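Protein chains in written order, with the working numbering: chain B, 1 to 221; chain F, 222 to 442. Just so you know, even glycine gets a beta-carbon here, dropped at the ideal spot from N, CA and C. Keep in mind it's a predicted model, so treat the numbers as computed, not measured. Here is the structure we will look at, set down as structure tokens.
2 protein chains.
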Amino acid sequence: MGISNHAGAATGTRRAGDRKSGIMARIAEETRFQLQRGRMLKAAATCFNEKGYSGTSLKDVADHLGLTDAALYYYVRNKEELVYQCYLRAAELGKQAMDRARTEGRCGFEQAFLYVRYHVEIMVGDRGPVAIMSEIPSLKPTHRNEILNVSRQHSTGFEEILAAGIQDGSIAECDVRMTGNAIMGAINWIPKWFHSDALLAKKVVAEFPKILTSGLRKNES
Amino acid sequence: MGISNHAGAATGTRRAGDRKSGIMARIAEETRFQLQRGRMLKAAATCFNEKGYSGTSLKDVADHLGLTDAALYYYVRNKEELVYQCYLRAAELGKQAMDRARTEGRCGFEQAFLYVRYHVEIMVGDRGPVAIMSEIPSLKPTHRNEILNVSRQHSTGFEEILAAGIQDGSIAECDVRMTGNAIMGAINWIPKWFHSDALLAKKVVAEFPKILTSGLRKNES
DNA sequence: CAATAATTTTAATCTAGATTAAAATAATCC
DNA sequence: GGATTATTTTAATCTAGATTAAAATTATTG
């Protein structure tokens, strides 16, 4: 099994090219492969969000890339894995936003605010779109559990931020679980009504963090 | 085409029973038919929310009712229409909540608060679950447009409430469009994490209205 | 440029699950 | 209780779209 065979590396084993290519070549290929793969995941996210899951065939995704449906199988074992990869990517982007917010925020409130800011920024920006996780239940058990786990961790992470904010006095007493659900829900729903629009994107980034966290502030002070 | 043939009435025409039954009978049938139909829509909503759209077959829905998949076709022309009906029901319930809130609320803020309260109450209560509208794009054009229209009206209605609240001074200046998107998103996302749990339901009803509208209040007073 | 590996396409299958027709059962009416 | 309509089931089809194998094309390397 050749390390240069990306289909194999990415999806298990399909072909079995075996010669090793030079290191420069490998890096180049890796890049090319990963680039296409990334484009594919974006295209898939776009389709899933805009046409619904059942409404998007692999051909739809392929069309976005100027490819044939069959070509997608070079990057992904099957449709289930395509969805899984989209969700994984979505989770990673969310995590990046939260990590950054945690690092930069000086108190709970600020961290919550920044998290919303960064996550929304990613969702409506160039790194988006991010796939709505509508079809977790139809993932195969391994994948489903992995996605559920990272999702849970993400939620927990945000609740921790809220709890910290209550501790440090920057956030008013509240049910962190429910508050987390509310804020994350509003964020997760964005792809439902937002579709690639630079102007609107600016507004979203400007407004959402304010709107979603204005209720967290302590009344007096 | 007999008026007593519900399959015909509901889905177009399949069989063509023609004799007219007595009025009492008709009422009784209507009731029975509608009851089963209602149960079916609930079962479908449950399945779609919990198993995802692609993950739920008509058999899954039928199992919930102790029926055969084929039996569903007595109530609905096809799967597309089942989804459509679910969405229509979801829209109606949302509208009921908003109408009631508008009637009872004495100012914009109160109306917004009550809307959240009533809608959430319905979603997590006995009249739920309400189907997440994930697959609007795969509805056939007529149905899709109808659902999109009522959704738009619903959004607009909420924005009007917010605008009224700003006018009457009960709500602070804000971008009503974004604020509406945020609040409605949080509500629409509920079925993603809430699954029939009386205890949790109480908490949701108690917390969500507060959480989602606390940011609307004017700072000073 | 020849050789090898990477990527994509062409052209079939394959299949779950939707859909349908006809028969069977249950309900209701006179 | 027999007749008529309403509801459900049984047992096949039917089909879009996923999947695959093999061939063709394109890129890369020395």
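**Study point:** Candidates F:Asn299, F:Tyr305, F:Leu293, F:Val341: closest to F:Lys316 by CA position
**Key:** In the second sequence, counting from the first residue as 1, residue 316 of chain F sits at position 95. Distance check between F:Lys316 and each of F:Asn299, F:Tyr305, F:Leu293, F:Val341 places F:Val341 closest, using alpha-carbon atoms only.
Review point. How about B:Arg89 and B:Ala131: do their beta carbons lie closer than 9 Å?
Key: By one-based count along the first sequence, residue 89 of chain B stands at place 89. By one-based count along the first sequence, residue 131 of chain B stands at place 131. Contact flag set, yes.
Check your understanding: Do you know how far the Cα of F:Thr363 is from the Cα of B:Glu207?
Key -> Translated into the one-based positions of the first sequence, residue 207 of chain B becomes position 207. Translated into the one-based positions of the second sequence, residue 363 of chain F becomes position 142. Just so you know, the alpha carbons of B:Glu207 and F:Thr363 end up roughly 34 Å apart.
Review point. Is the Cβ of B:Val204 closer than 9 Å to any Cβ of chain F?
Key: The count along the first sequence starts at 1 and reaches residue 204 of chain B at position 204. It does: the Cβ of B:Val204 has a partner Cβ on chain F nearer than 9 Å.
Exercise for review: Please determine, among B:Tyr87, B:Glu173, B:Gly108, the residue with the shortest C-alpha to C-alpha distance to B:Ser134.
Suggested key: The count along the first sequence starts at 1 and reaches residue 134 of chain B at position 134. Looking at the Cα atoms, B:Tyr87 is the closest of the given residues.
Review point. Along chain B, which residues have their Cβ under 8 Å away from the Cβ of F:Leu433?
Key: In the second sequence, residue 433 of chain F corresponds to position 212, counting from 1. In chain order: Ala182, Gly215.
Check your understanding: DSSP three-state call for B:Lys140: helix, strand or coil?
Key -> Here residue 140 of chain B corresponds to residue number 140 of the first sequence, with the count starting at 1. Here B:Lys140 sits in coil by DSSP.
Practice item. Determine the burial state of B:His154: buried for a count of at least 16 other Cβ atoms within 10 Å of its Cβ, exposed for fewer. Key: Position 154 of the first sequence, counted from the first residue, corresponds to residue 154 of chain B. So B:His154 counts as buried.
**Study point:** Stretch pair the stretch 103-114 of chain B + the stretch 61-72 of chain B: three plus CB contacts closer than 8 Å
**Key:** With a cut-off of 8 Å, the stretch 61-72 of chain B and the stretch 103-114 of chain B do not count as touching, because too few Cβ pairs lie within range.
Review point. Using a beta-carbon distance below 9 Å, is F:Ala407 in contact with chain B?
Key: Position 186 of the second sequence holds residue 407 of chain F. Yes - at least one Cβ of chain B is within 9 Å of the one on F:Ala407.
Exercise for review: Determine the closest residue to B:Leu93 out of B:Ser214, B:Tyr74, B:Val150, with distance taken between C-alpha atoms.
Suggested key: The sequence position of residue 93 of chain B within the first sequence is 93, counting from 1. The shortest CA-to-CA distance from B:Leu93 to any of B:Ser214, B:Tyr74, B:Val150 is the one to B:Val150.
Review point. Taking Cβ positions only, does F:Gln359 come closer than 9 Å to chain B?
Key: In the second sequence, the residue the question calls residue 359 of chain F occupies position 138. A small fix is needed here, since residue 359 of chain F is Ser in this sequence, not Gln. Yes - at least one Cβ of chain B is within 9 Å of the one on F:Ser359.
Point to revise | Identity of the residue in B:Arg100, B:Arg152, B:Gly185, B:Gly125 nearest B:Arg195 by Cα | key: The sequence position of residue 195 of chain B within the first sequence is 195, counting from 1. The question names Arg, yet the displayed sequence has His at residue 195 of chain B. It is B:Gly125.
Practice item. Output yes or no for whether 9 Å exceeds the beta carbon distance between F:Met409 and B:Lys203. Key: One-based indexing of the second sequence puts residue 409 of chain F at position 188. One-based indexing of the first sequence puts residue 203 of chain B at position 203. As written in the sequence, residue 409 of chain F is Asn, which differs from the Met given in the question. Contact flag unset, no.
Review point. Any Cβ of chain F within less than 9 Å of the Cβ of B:Ile190?
Key: Residue numbering aside, residue 190 of chain B sits at position 190 when the first sequence is read from its first letter. Yes, contact with chain F.
Point to revise | Secondary structure of B:Asp63, DSSP reduced to three states | key: For this step, residue 63 of chain B is matched to residue 63 along the first sequence. Note: B:Asp63 maps to helix in three-state DSSP.
**Study point:** Contact check, F:Ala312 vs F:Tyr339, beta carbons under 9 Å
**Key:** Stepping through the second sequence from its first residue, residue 312 of chain F is reached at position 91. Stepping through the second sequence from its first residue, residue 339 of chain F is reached at position 118. Cβ distance not < 9 Å, so F:Ala312 and F:Tyr339 don't count as in contact.
Review point. Quick one: does B:Ile132 have its CB under 9 Å from some CB of chain F?
Key: Against the first sequence, residue 132 of chain B aligns to sequence position 132. Judged by the 9 Å Cβ criterion, B:Ile132 is in contact with chain F.
Exercise for review: Confirm, please, whether the CB-CB distance from B:Ala186 to B:Leu216 is below 9 Å.
Suggested key: Within the first sequence, residue 216 of chain B is the residue found at index 216, counting from 1. Within the first sequence, residue 186 of chain B is the residue found at index 186, counting from 1. Cβ atoms of B:Leu216 and B:Ala186: not closer than 9 Å.
Check your understanding: Pick from B:Tyr74, B:Asp60, B:Ile147: whose alpha carbon is nearest that of B:Tyr32?
Key -> As a working note, residue 32 of chain B is residue 32 in the first sequence. The residue you asked about is not Tyr; residue 32 of chain B is Arg in the sequence shown. Shortest Cα-Cα distance from B:Arg32 to any of B:Tyr74, B:Asp60, B:Ile147 involves B:Tyr74.
Review point. Using CA coordinates, which residue listed in B:Thr46, B:Tyr53, B:His64, B:Gly105 is at the minimum distance from B:Ser138?
Key: In the first sequence, counting from the first residue as 1, residue 138 of chain B sits at position 138. For B:Ser138, the closest alpha carbon among the candidates B:Thr46, B:Tyr53, B:His64, B:Gly105 is that of B:Tyr53.
Point to revise | Per-residue burial, F:Leu303 [other beta carbons within 10 Å of its own, 16 or more giving buried] | key: Start at 1 with the first residue of the second sequence, and residue 303 of chain F comes out as number 82. Buried: at least 16 other Cβ atoms inside 10 Å.
Review point. Going by Cα to Cα distance, which pick from B:Ala172, B:Tyr115, B:Ile122 is closest to B:Phe243?
Key: The question about residue 243 of chain B has no answer here: the residues shown for chain B are numbered 1 through 221.
Check your understanding: When the Cα of F:Gly259 is compared with those of F:His285, F:Ala393, F:Ser278, which residue comes out closest?
Key -> For the purposes of this step, residue 259 of chain F is taken as residue 38 along the second sequence, with counting starting at 1. Looking at the Cα atoms, F:His285 is the closest of the given residues.
Review point. In the structure shown, what three-state DSSP assignment does B:Asn49 receive?
Key: The sequence position of residue 49 of chain B within the first sequence is 49, counting from 1. Reduced to three states, the DSSP call for B:Asn49 is helix.
Review point. How many Å lie between B:Ala163 and F:Lys280 at the Cα?
Key: Here residue 163 of chain B refers to the residue found at position 163 when the first sequence is read from its first residue. Here residue 280 of chain F refers to the residue found at position 59 when the second sequence is read from its first residue. Cα-Cα distance, rounded: 44 Å.
Check your understanding: Between the C-alpha atoms of B:Ala101 and B:Gly180, what's the straight-line distance to the nearest angstrom?
Key -> Walking along the first sequence from the start, residue 101 of chain B turns up at place 101. Walking along the first sequence from the start, residue 180 of chain B turns up at place 180. Rounded to whole angstroms, the gap between the alpha carbons of B:Ala101 and B:Gly180 is 15 Å.
Check your understanding: Would the beta-carbon of B:Asp168 fall within 9 Å of that of B:Cys107?
Key -> Taking the first sequence and counting its residues from 1, the one referred to as residue 168 of chain B is at position 168. Taking the first sequence and counting its residues from 1, the one referred to as residue 107 of chain B is at position 107. Their beta carbons are under 9 Å apart, which means B:Asp168 touches B:Cys107 by this criterion.
Practice item. State the DSSP-derived secondary structure class of F:Pro350, mapped to helix, strand or coil. Key: For this step, residue 350 of chain F is matched to residue 129 along the second sequence. Here F:Pro350 sits in coil by DSSP.
**Study point:** Against chain B: residues of the stretch 302-325 of chain F by CB proximity under 7 Å
**Key:** Listed by position along the chain: nothing, the set is empty.
Practice item. Please state whether DSSP places F:Glu296 in a helix, a strand or coil. Key: Here residue 296 of chain F refers to the residue found at position 75 of the second sequence. Inspection of the sequence shows that residue 296 of chain F is occupied by Tyr rather than by Glu. In this structure, F:Tyr296 counts as coil in the three-state DSSP scheme.
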